[in-house]
Amino acid sequence: MIEAFIKAISATPGKPAGVSRRTDTVAKMIDTTTCIGCKACEVACQEWNNQQVTFGNFEGTYQTMPDLAHNFWNLIKFNETESEIGTPLWLMSKYQCMHCVDPGCLKACPAPGAIVQYTNGIVDFNHDACIGCGYCMTGCPFDVPKMNPATNKVHKCTLCTDRVSVGLEPACIKACPTNCLSFGTREDLIRKAEDRVSTLQSDGFRNAGIYNPPGVGGTHVVYVLAHADQPEAYGLPKDPHIPWTVALWKGPLKWIGNVLLIGGILGTFFHYVRYGPQRDE
Amino acid sequence: MQVSRRSFIKGALTGGAVTTAFGFDVRPALAQARELKIARTTETHSICPYCAVACSVIIHTLGDKAHNVTPSVVHVEGDPDSPINRGALCSKGITLRQFVVNDRRLTRPLYRAPGSHEWKTIPWDEALERMARLIKNSRDAGFEEKDAEGRVVNRLTNTAMIGGCTDTNEINYLLGKFRFGLGVVAYENQARL
């Protein structure tokens, strides 16, 4: 069991109550080369989270849905593309919350306590505190959080924090029949992913690599891609960053605003002390 | 105790000020935000009925078997102790809860009379009685003790038996026993054992 303390909390300045104990971080590893597109992880996610989604129409692909939904947190993308020698490639990739080390959703969220990052790396939404503004949807570089129009709350994968906190693996990981998904500490899984990449490279996939984008500080969902030079082919952004608008607003603009506000209050106070109240002459 | 309006307001303001000054921290509560839905369920081991792989599953049932509890299946997942599936399940097997808890599930026998196009609900006793009667009739009519050359065969060739794909291995085992008892030769279950 990996203990989870609060690491960061939305719209709350300063650090949460200090944790002096070392805690490991958890991660999912997705080896896209062994995914067979059976969608067991999709159904396991729906079952564990008691969700039922209404599917749309058939659109010429085996993919369950075109995109994630507020009640559909885990999607296998069936990406069709061509290899460099012109043969068809069918690249499966699992699409869910990436549990970024530096989460854009948490940075953008203005509701105190609505988004929480735990020391084990899980980023979770607390729907009692969510105000339904949707800023997290703007802040997310992977376009993962989705709004429920009926309740105006935003939902996404929790990395099964309820299971992980008692020492179980997430539901999707447990279901996977081909060993494509694995769960463990992040260091172990990155090592495992590196091993897998070297196997793939010796098998002739020269561009095999790990997808663990540094633009968001790394993610707690690590991919092994056979064509890591073109993550777009898997439906993954090449170099994701928190949008500059959110970064500017939550960074410099916030402090400029604070300085102006305090300056205004102090100015008013000193003006009153120096000149006194305005009187009609 | 008499509380005047004045002292009530004083008390409320003091309490508010103290809470504000010393802080009311909700963070410990946040860490416990999600409860494990299978924390105290009863675990029952079974076998997925869908295909011939026969993955082991754990069926999580509401309640601790206390006699005032009406149990209901709340969750099904793979059994990690099984050498067959080692905890994994396919997209069909993982929906087993919906197979058990389903308002479209048949719980009463339906009977369609020969030539009729209507299904009608009949009591279990009537259904079992009728099935037993018809099986016995055709067995009495077609049972062969000896073949043409006088060898003992004890076989029943006018009846065949097929097991359904959603029968568990236990059901198929019992069907096998039943078939030996009758002497049925033509026997198939979909488990491909």
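Chain order of the listed sequences is A and B.
First residue of the first sequence? That's 3 in the working numbering, and the numbers climb one at a time after it.
First residue of the second sequence? That's 14 in the working numbering, and the numbers climb one at a time after it.
Note that beta-carbon positions come from the ideal geometry of N, C-alpha and C, so glycine has one too.
These numbers were taken from a predicted model, which means no experiment stands behind them.
For residue i versus residue j, is the C-beta distance shorter than 8 Å?
| i | j | result |
| --- | --- | --- |
| cysteine 132(A) | threonine 221(A) | no |
| valine 166(A) | cysteine 138(A) | no |
| valine 87(B) | leucine 75(B) | yes |
| alanine 235(A) | threonine 56(A) | no |
| cysteine 142(A) | glycine 106(A) | yes |
| cysteine 99(A) | lysine 158(A) | yes |
| threonine 134(B) | leucine 141(B) | no |
| proline 242(A) | alanine 42(A) | no |
| glutamate 5(A) | serine 104(B) | no |
| tryptophan 132(B) | arginine 143(B) | no |
| threonine 160(A) | aspartate 126(A) | yes |
| arginine 121(B) | valine 89(B) | no |
| threonine 36(A) | cysteine 182(A) | yes |
| lysine 252(A) | alanine 110(A) | yes |
| lysine 148(A) | leucine 70(A) | yes |
| glycine 237(A) | tyrosine 97(A) | yes |
| isoleucine 71(B) | glutamate 56(B) | yes |
Pull up the DSSP beta-bridge partners for residue i, would you.
| i | result |
| --- | --- |
| glycine 5(B) | It is not possible to answer for residue 5(B), since the shown part of chain B is limited to 14 through 206. |
| phenylalanine 207(A) | None, per the DSSP bridge assignment. |
| threonine 25(A) | None; threonine 25(A) has no bridge partner. |
| leucine 227(A) | Gly211(A) |
| serine 59(B) | Val70(B) |
| glutamate 201(B) | Ile175(B) |
| alanine 10(A) | Gln119(A) |
| threonine 221(A) | Cys102(A) |
| valine 86(B) | Thr74(B) |
| threonine 187(A) | Val28(A) |
So residue i and residue j are supposed to be a Cβ contact under 8 Å. How far apart are they, rounded?
| i | j | result |
| --- | --- | --- |
| aspartate 77(B) | arginine 53(B) | 7 Å |
| leucine 227(A) | threonine 14(A) | In fact, because the Cβ distance is near 36 Å, the residues do not count as touching under 8 Å. |
| asparagine 185(B) | glycine 176(B) | 5 Å |
| tryptophan 75(A) | asparagine 59(A) | Rounded, the Cβ-Cβ distance is 21 Å, inconsistent with contact. |
| isoleucine 107(B) | histidine 73(B) | With a Cβ gap of about 13 Å, isoleucine 107(B) and histidine 73(B) do not count as contacting. |
| glutamate 158(B) | asparagine 171(B) | With 8 Å as the limit, glutamate 158(B) and asparagine 171(B) do not qualify as a contact, their Cβ atoms being about 14 Å apart. |
| valine 218(A) | aspartate 104(A) | 5 Å |
| glycine 136(A) | threonine 27(A) | Contact doesn't hold; Cβ gap of about 28 Å is too wide. |
| valine 248(A) | threonine 140(A) | 6 Å |
Tell me which same chain residues have a C-beta within less than 7 Å of the C-beta of residue i, skipping the five on either side of it?
| i | result |
| --- | --- |
| leucine 187(B) | none |
| phenylalanine 80(A) | Gly39, Thr63, Tyr64, Gln65, Trp92, Met94 |
| phenylalanine 7(A) | Val21, Thr25, Tyr120, Thr121 |
| phenylalanine 21(B) | none |
| asparagine 229(A) | The question names asparagine, but residue 229(A) in the sequence shown is histidine. Taken in chain order, the residues that qualify are Asn209, Ala235. |
| lysine 149(B) | none |
| valine 113(B) | Val86 |
| glutamate 283(A) | none |
| tyrosine 203(A) | Sequence check: residue 203(A) is glutamine here, not tyrosine. For glutamine 203(A), where only same-chain residues beyond five positions count, the Cβ hits under 7 Å are Ala210. |
| serine 151(B) | Asn171, Thr172 |
CB-CB under 8 Å to residue i, same chain, minus the five flanking residues each way: which ones, in chain order?
| i | result |
| --- | --- |
| valine 224(A) | Ala29, Lys30, Met31, Ile32, Arg188, Leu191, Ile192, Ala195, Ile212, Tyr213, Asn214 |
| glutamate 171(A) | Cys162, Arg165, Phe185 |
| glutamine 54(A) | Gln48, Asn73 |
| asparagine 115(B) | none |
| alanine 44(B) | In this prediction, alanine 44(B) scores a pLDDT of 49, lower than 50, which makes its location untrustworthy; the coordinate-derived value is nonetheless stated afterwards. Excluding sequence neighbours, alanine 44(B) sits near nothing in its chain. |
| serine 95(B) | Cys68, Ser69 |
| glycine 155(B) | Leu169, Thr170, Asn171, Thr172 |
| proline 41(B) | In this predicted model, proline 41(B) has a pLDDT of only 48, less than 50, meaning its place in the structure is not dependable enough to derive any value. |
| glutamate 61(A) | Pro68 |
| alanine 113(A) | Ser12, Ala13, Ala131, Cys132, Ile133, Cys135 |
Which chain C residues sit within Cβ distance under 7 Å of residue i?
| i | result |
| --- | --- |
| glycine 100(B) | The chain labelled as chain C is not found among the protein chains of the depicted structure, namely A and B. |
For residue i, I'd like the list of residues in its chain whose CB is within less than 6 Å of its CB, leaving aside the five on either flank, ordered along the chain.
| i | result |
| --- | --- |
| glycine 189(B) | none |
| aspartate 160(B) | Val166 |
| alanine 199(B) | Ala173 |
| proline 151(A) | none |
| glutamate 139(B) | none |
| alanine 100(B) | As written in the sequence, residue 100(B) is glycine, which differs from the alanine given in the question. These residues qualify, in order along the chain: Gly91, Pro93. |
| proline 233(A) | Tyr213, Lys240 |
Write down every uninterrupted run of the beta strand (DSSP E) in the segment 120-157 of chain A whose length is 3 residues or greater and which is fully enclosed by it, in chain order.
125-127, 148-150, 155-157
Note down, one range per segment and in chain order, each alpha helix (DSSP H) of at least 4 residues found wholly within the segment 153-185 of chain A.
163-166, 173-177
Extract the residue ranges of the alpha helix (DSSP H) inside the segment 29-60 of chain A, only unbroken runs of 4 or more that lie entirely within it.
42-50
My parser needs the alpha helix (DSSP H) runs of 4 or more residues fully inside the segment 50-112 of chain A; what are they?
Counting whole runs of 4 or more residues, the segment 50-112 of chain A contains the alpha helix (DSSP H) stretches 106-110.
What runs of the alpha helix (DSSP H), each 4 residues or longer, lie entirely inside the segment 121-191 of chain B?
The qualifying runs are 137-155.
Residue ranges of each beta strand (DSSP E) within the segment 231-274 of chain A, 3 or longer
Note on the segment 231-274 of chain A: there is no whole beta strand (DSSP E) run with a minimum of 3 residues.
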